[in-house]
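Residue numbers (our numbering), protein chains in the order written: chain L, 114 to 401; chain R, 114 to 401. Report on the structure given below.
Number of protein chains: 2
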Amino acid sequence: MITLLKSPQREVKIGDSGFIVIGERINPTRRKKLADALIKGDMEQVKADAIEQVQAGAHVLDVNVGAGGIDEAATMDMAVRAVMSVTDVPLCIDSAKPDALEAGLKACAGKALVNSVNADPEKLKAVLPLVKKYNAAVIGLAYDEKGISENPEVRMTAVKTIVDAAAALGIGREDLVIDCLAFSLGTNHRSAAICLETMRQVKTQYDLNMVLGVSNVSFGVPNRSDINTVFLSQCMANGLTCGIINPLDTSMMKAFMATELVLGRDKHSRNWNKYYRRGLALAEAAKA
Amino acid sequence: MITLLKSPQREVKIGDSGFIVIGERINPTRRKKLADALIKGDMEQVKADAIEQVQAGAHVLDVNVGAGGIDEAATMDMAVRAVMSVTDVPLCIDSAKPDALEAGLKACAGKALVNSVNADPEKLKAVLPLVKKYNAAVIGLAYDEKGISENPEVRMTAVKTIVDAAAALGIGREDLVIDCLAFSLGTNHRSAAICLETMRQVKTQYDLNMVLGVSNVSFGVPNRSDINTVFLSQCMANGLTCGIINPLDTSMMKAFMATELVLGRDKHSRNWNKYYRRGLALAEAAKA
């Protein structure tokens, strides 16, 4: 199953040969400086984040401008235009508010990914028509109006609801990317296993593309990067085809490339060796 | 399936709740100082390696004394006694020579693991009677006299030969630990994937315990520890229950513990937190 995203200059195929990195940095949550700039309508930090993430290897950029007291629709419009002015990758339009999603979709040239919908009927009704209208793809979160279940079967019921609702509007399965939900191991030591089991079922029953905010799993747990590395790797073996991650976090980038190598997907170890040489070159440049 | 190993003081259950670390350091390959000491019959380095590995978390110690020009049987006898004099963990008696295996098994109190047999009829005839005679368990390597195949199906034929030959001598399946063979990704970019596929089949068809020399996979490849981490993690998801690894390599130790956490096997994250606190304490001690 291939989910096609487009910018005017590039196509990105989720589910094709390589793992797709959706850069998560353009998001004011826990980034006060970015939040302040967004509220003032200053897009310099957004542009810098966009450039830096693409240079670090992001294939798609998530754009979220949800800060307290902001005019989210107007700011989303500005942020999408700002990102497009400095990079040429497809975008992931990220908001809890339908009007901000629509503002982002309207501003975005190409085919975007919408972040996100869930199985709550109200949410489906608000978001899926936008996905259809703007010919976008959409992230479907595996929960519904009753909340988030710790039972993979219940999460699968939510996935089915989303698949059916999308089909009813003529949105193809290739335009759905499922998020099976990862929560902190600090609150439930089985939270990663629940997510992995749900992913196995999505893969077997629907063969849909899947995305995840990987690093949530280690929130509040010591030695986060070790856990993130291993969890990302396990997710990829279970069918994860893209991740919302920080491309500046080299341990994450190494984790997905090492996993592609170990799973036999990196022919002649080309990407791995290229990444290694790039690391050496950067280290040399830093010394000089 | 549980493979029980014993020292006079301890039992180790492979395939029970936790991943079992077989310390690989007592081996003169690429350790000239140890080789020289062994040739002189000096067991101080062997003792130091034994203590250090157990302190670092090894559950079982591999003992290999195969250096050029050595009386391997006599040295194995001395080395096994030396290790038992300073530690109380079960042993893995490791030699290509049946007489050295027998010397080690004779010297070893408890129930040892023999490293190793393969599906070559000559090898089976030489090693399995010793396993039976000394009531040991044995590592079965997934190849035969025709060599090592890159086809998982052919590796499975070797596994079947070993399972059948053991059964014919009355050695139970619980006393077989299969090594599906990991070779360098540097020579074949699919070598890890071939191993993982073979492991899946061993798990499904026989549910046997499995062991692996994990770090082979990264031999000659840049950034070895990243690859080892991810490969060990994938192997565990495919049924690896013990590994022949260097317990002093903290990236390996973190990899198996993070994997147990992510797979939901570390209840209330107890081991992970314990390891983290131990690391902090060691860092504090190093500063003081």
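Glycine is no exception: its CB is placed at the ideal position from the N, C-alpha and C atoms.
Check: Selected residue, minimal CA-CA separation from Trp385 of chain L, among R:Gly356, R:Pro335, R:Leu353, R:Met349; Outcome: R:Pro335
Check: Among L:Leu393, L:Ala180, L:His302, L:Val199, the one whose alpha carbon lies nearest that of Glu165 of chain L; Outcome: L:Val199
Check: Supposed close pair Leu241 of chain R, Ala278 of chain R - CB separation, criterion 8 angstroms; Outcome: 6 angstroms
Check: Option in R:Met156, R:Leu237, R:Ser304 with minimal Cα separation from Asp190 of chain R; Outcome: R:Met156
Check: Any chain R beta carbon closer than 8 angstroms to Gly352 of chain L; Outcome: no
Check: Best match in L:Asn359, L:Lys236, L:Leu243, L:Lys387 for proximity to Asp288 of chain L [C-alpha to C-alpha]; Outcome: L:Leu243
Check: Separation of Gly131 of chain R from Gly283 of chain L, as counted between CA atoms; Outcome: 48 angstroms
Check: Alpha-carbon spacing of Arg390 of chain R relative to Lys400 of chain R, whole angstroms; Outcome: 15 angstroms
Check: Strand pairing of Cys205 of chain R, partner residues [DSSP]; Outcome: R:Asp175, R:Leu226
Check: When R:Leu353, R:Ala396, R:Ile340, R:Ile358 are compared against Gly377 of chain L, the one with the closest alpha-carbon; Outcome: R:Ile340
Check: Neighbourhood of Ser328 of chain L by C-beta distance below 6 angstroms, restricted to the same chain and skipping five residues each side; Outcome: Asn341
Check: Whole beta strand (DSSP E) elements within the segment 269-320 of chain L, 3-residue minimum; Outcome: 289-292
Check: Span separating the alpha-carbon of Ala180 of chain R from that of Arg383 of chain R; Outcome: 41 angstroms
Check: Amino acids of chain R, ordered along the chain, whose beta-carbon sits closer than 9 angstroms to that of Tyr256 of chain L; Outcome: Chain R residues near Tyr256 of chain L: none, gap ~19 angstroms exceeds 9 angstroms.
Check: For Ala250 of chain L, the residue or residues it bridges with in DSSP; Outcome: L:Leu226
Check: For Leu254 of chain R and Pro234 of chain R, the rounded distance between their alpha carbons; Outcome: 13 angstroms
Check: 6 angstroms CB neighbourhood of Ser229 of chain L in its chain, flanking five on each side removed; Outcome: Ile252, Leu254
Check: Alpha-carbon to alpha-carbon, Lys160 of chain L and Val196 of chain L; Outcome: 6 angstroms
Check: Per DSSP, cross-strand counterpart(s) of Asn231 of chain L; Outcome: L:Leu254
Check: Within the segment 326-355 of chain L, ranges of the alpha helix (DSSP H) (whole runs, at least 4 residues); Outcome: 337-350
Check: Selection from R:Ala209, R:Phe369, R:Arg313, R:Asn248 that minimises the alpha carbon distance to Ile291 of chain R; Outcome: R:Arg313
Check: Beta-carbon spacing of Val343 of chain L, Val375 of chain R below 8 angstroms; Outcome: yes
Check: Val330 of chain L beta carbon less than 8 angstroms from that of Ala72 of chain L; Outcome: No statement about residue 72 of chain L is possible, as the shown extent of chain L runs from 114 to 401 and does not include it.
Check: Contacting positions in the segment 334-362 of chain R - beta carbon closer than 7 angstroms to chain L; Outcome: Val334, Pro335, Asn336, Asp339, Ile340, Thr342, Val343, Phe344, Ser346, Gln347, Ala350
Check: Within 8 angstroms, strictly: CB atoms of Ile127 of chain R and Asn322 of chain R; Outcome: yes
Check: Assigned exposure category for Pro141 of chain R - 16 Cβ within 10 Å defines buried; Outcome: buried
Check: Under 9 angstroms (Cβ pairs) to chain R, residues found in the segment 377-389 of chain L; Outcome: Gly377, Arg378, Asp379, Lys380, His381, Ser382, Arg383, Trp385, Asn386, Tyr388, Tyr389
Check: Nonlocal neighbours in the same chain, by C-beta distance under 7 angstroms from Thr404 of chain R, ignoring five residues either side; Outcome: A query on residue 404 of chain R cannot be resolved here, the shown segment of chain R reaching from 114 to 401 and no further.
Check: Cutoff 8 angstroms: Val375 of chain L Cβ touching any chain R Cβ; Outcome: yes
Check: Whole-number beta carbon distance between Val227 of chain L and Leu214 of chain L, since they are thought to touch under 8 angstroms; Outcome: 6 angstroms
Check: Minimum Cβ-Cβ distance from Lys367 of chain L to chain R less than 8 angstroms; Outcome: yes
Check: Contacts around Leu395 of chain R, its chain only, beta-carbon distance under 8 angstroms, and the 5 residues preceding and following it disregarded; Outcome: none
Check: Residues of the segment 300-329 of chain R whose Cβ lies closer than 7 angstroms to any Cβ of chain L, in chain order; Outcome: His302, Arg303, Ala305, Ala306
Check: With 16 other Cβ atoms within 10 Å as the buried cut-off, status of His172 of chain L; Outcome: buried
Check: Exposure label - His302 of chain L; buried when at least 16 CB within 10 Å; Outcome: buried
Check: Rounded straight-line distance, which links the Cα of Arg143 of chain R to that of Leu309 of chain L; Outcome: 40 angstroms
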